[in-house]
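Just so you know, we're using our numbering here: the sequence shown kicks off at -10 and counts up by one.
Even for Gly, the Cβ is constructed at its ideal location relative to N, Cα and C.
Shown next, in structure tokens, is the structure this report addresses.
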Amino acid sequence: MFKRKKQKNIALLAFAASFIIWGINTVYIKIAVTEIPPNFYYLIRFAIPTLILIPFITRRYKKPSPYQWYILIIASVIGFVVPNILLAEGLRRTSAIDTSLIFLLGPVLMFAFSIEFLKEKFNAKILLGLIISLAGAALVVVGPTLYNMTTNGDMYGNLLVLLSVITATAGIVIIKPILKKLPALQITTLRFALATLFTVPLVYLEHPNISAINWTPEVNFALFYGIVFGSLIAYVLYHFGLSKISGEESSTLQYLDPLAGVLAALFILGEQITPIVIVGGALTVVGVYLSEVKSKHKLRHLHAHR
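This is how it looks when you write it as structure tokens:
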């Protein structure tokens, strides 16, 4: 029993570390894409982890069926490529604080999708939670307009981030049927590889002027953090946690992600948080809680990559 408790505590620490890393990465994505074209930035972030992870999956590689390849391809495009590029474009226009709080809407969208795809029982409490969360997210999204654009945020950028959350959540729903049929690390590696392939033509169309990129120490570290911490260490810790305990046992730890993102934006970028954003974030948290307590399917451990 003591061994089980120790194992659980180590797994929870691994989950907590991964969520904090992803939250902080929101700030470093914003720093990186101010200088690096988004498609080129994500090509680097997809390609390098792919090359590093491939040797680790060859020994226990399980050949995917045609159906599983179909799911992997669709989920990689909808759940990796599209949301990450939308996120990068959004972060170029809005604040990291707004972005972190909008990402709170992800669990609520998962509950909404679960009603259709997982036959989740729908009741008044879940409906109330959805409405409150959507109201909170709406306040965060339109906050810049209410403040006559005097905040760090921009409504268009917030809308792009919102679309990123929606597509990332859709990708999670799509990939779910094969999560228990293929090794988790193999799925992650294959999705990185597929995302790399689909990002190459986007980079070609973007025609990035690499020589014109201002490779400042801040930009270099932001890229380094995204590759080493955001794409490698966080996922290794995350999958280690999932291998020891169920994702449901770590569900409340996901709130560390937006919290870390907000704190990093305050201290690293010097962003300011407005009352309307505080109210919007609080409403979203309350809505997520109300929806979750009546849900049979805890889906928050299916985390969107950032």
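- Item | Simplified DSSP assignment, three categories, for T23 | Position 34 of the sequence shown, counted from the first residue, corresponds to residue 23. Note: T23 maps to coil in three-state DSSP.
- Message: With the cut-off set at 9 Å, would you say L258 and I20 are in Cβ contact?
- Response: Position 269 of the sequence shown, counting from 1, holds the residue named residue 258. Position 31 of the sequence shown, counting from 1, holds the residue named residue 20. Going by C-beta atoms, L258 is nearer than 9 Å to I20.
- Alpha carbon to alpha carbon, what distance is there between S200 and V274? Indexing the sequence shown from 1 puts residue 274 at position 285. Indexing the sequence shown from 1 puts residue 200 at position 211. Straight-line Cα distance between these residues: approximately 44 Å.
- Integer-rounded CB distance, given that L174 should sit under 8 Å from L42: Position 53 of the sequence shown holds residue 42. Position 185 of the sequence shown holds residue 174. Correct: roughly 7 Å between the Cβ atoms.
- Expected contact under 8 Å - CB spacing of I74 and Y31 to nearest Å: Mapped onto the sequence shown, residue 74 falls at position 85. Mapped onto the sequence shown, residue 31 falls at position 42. That pair is a contact at about 6 Å.
- Query: Given that a residue counts as buried once 16 or more other Cβ atoms are within 10 Å of its Cβ, and exposed if not, what is P27?
  - Reply: Position 38 of the sequence shown, counted from the first residue, corresponds to residue 27. P27 should be labelled buried.
- Task: Within the same chain, show all residues whose beta-carbon is closer than 8 Å to that of A297, passing over the 5 residues directly before and after it, in chain order.
- Result: Residue 297 lies beyond the stretch modelled for the chain, which goes from -10 to 295, so this question has no answer here.
- Segment contact, 8 Å Cβ cut-off, at least three pairs: the stretch 48 to 66 with the stretch 215 to 230: Contact fails: fewer than three Cβ-Cβ distances are below 8 Å.
- Cβ-based neighbour list, L93, same chain, cut-off 7 Å, excluding 5 preceding and 5 following: In the sequence shown, the residue the question calls residue 93 occupies position 104. When the five nearest sequence neighbours on each side are left out, the beta carbons in the same chain lying within less than 7 Å of the beta carbon of L93 are those of P247, G270, T273, V274, V277, in order along the chain.
- Selection from K52, Y193, E195, T88 that minimises the alpha carbon distance to I18: As a first step, residue 18 is located in the sequence shown; it is residue number 29 there, counting from the start. Looking at the Cα atoms, T88 is the closest of the given residues.
- To which residues of the same chain is W204 closer than 8 Å at the C-beta, ignoring the five residues directly before and after it? For the purposes of this step, residue 204 is identified with residue 215 of the sequence shown, where counting begins at 1. Closer than 8 Å at Cβ, skipping near neighbours: E24.
- Can the beta-carbon of L168 be found closer than 9 Å to that of F69? Sequence index remark: in the sequence shown, residue 168 carries index 179 (1-based). Sequence index remark: in the sequence shown, residue 69 carries index 80 (1-based). The answer is no: Cβ separation not under 9 Å.
- Message: Measuring straight from C-alpha to C-alpha, what distance separates L226 and Q57?
- Response: Residue numbering aside, residue 226 sits at position 237 when the sequence shown is read from its first letter. Residue numbering aside, residue 57 sits at position 68 when the sequence shown is read from its first letter. About 25 Å.
- Rounded Cβ spacing between I67 and I176 (contact assumed at less than 8 Å): Taking the first residue of the sequence shown as position 1, residue 67 is located at position 78. Taking the first residue of the sequence shown as position 1, residue 176 is located at position 187. Between I176 and I67 the Cβ distance is about 15 Å, and since that is not below 8 Å, they are no contact.
- Do A77 and A253 have their CB atoms nearer than 9 Å? As a working mapping, residue 77 is identified with position 88 in the sequence shown. As a working mapping, residue 253 is identified with position 264 in the sequence shown. No, the Cβ-Cβ distance between A77 and A253 is not below 9 Å.
- With a CB to CB cut of under 6 Å and the five nearest residues on each side skipped, what residues in its chain are close to E195? If you number the sequence shown from 1, residue 195 lands on position 206. Cβ neighbours of E195 beyond the five flanking positions: P26, N28.
- For the ligand NAD, is there a heavy atom less than 8 Å away from the beta-carbon of F181? Among the components modelled here there is no ligand, and therefore nothing to report on the ligand NAD.
- What's the gap between the Cα of N(-2) and the Cα of F213? Position 9 of the sequence shown holds residue -2. Position 224 of the sequence shown holds residue 213. Approximately 29 Å between the Cα atoms of the pair.
- Under the rule that 16 or more other beta-carbon atoms within 10 Å means buried, what is N198, buried or exposed? Within the sequence shown, the letter at position 209 stands for residue 198. Exposed, because fewer than 16 other Cβ atoms sit within 10 Å of the Cβ of N198.
- Query: If you count every other CB in all the chains shown that lies within 10 Å of the CB of S153, and 16 or more means buried, which is it?
  - Reply: Looking up residue 153 in the sequence shown gives position 164. The residue in question, S153, is buried, as its Cβ has 16 or more Cβ neighbours within 10 Å.
- Give the straight-line distance between the Cα atoms of L98 and I120, rounded to the nearest whole angstrom. Position 109 of the sequence shown holds residue 98. Position 131 of the sequence shown holds residue 120. If I take the Cα positions, the gap works out to 11 Å.
- Message: What would DSSP say about N198, mapped onto helix, strand or coil?
- Response: Within the sequence shown, residue 198 is the residue found at index 209, counting from 1. N198 falls in the coil class under three-state DSSP.
- Taking Cβ to Cβ, would you say A157 is nearer than 9 Å to P72? Taking the sequence shown and counting its residues from 1, one reaches residue 157 at position 168. Taking the sequence shown and counting its residues from 1, one reaches residue 72 at position 83. Yes, these two residues count as a Cβ contact at 9 Å.
- Item | Nearest residue (CA-CA) to F181, options G118, V189, S65 | The residue given as residue 181 occupies position 192 in the sequence shown. Nearest of G118, V189, S65 to F181, Cα basis: S65.
- Task: Return the CA-CA distance between V22 and T188, expressed in angstroms with no decimal places.
- Result: As a position in the sequence shown, residue 22 is number 33, starting the count at 1. As a position in the sequence shown, residue 188 is number 199, starting the count at 1. Taking the straight line from one Cα to the other gives about 16 Å.
- Indicate whether at least one CB of chain D lies closer than 9 Å to the CB of L1. Within the model displayed, chain D is absent; a lone protein chain is all it includes.
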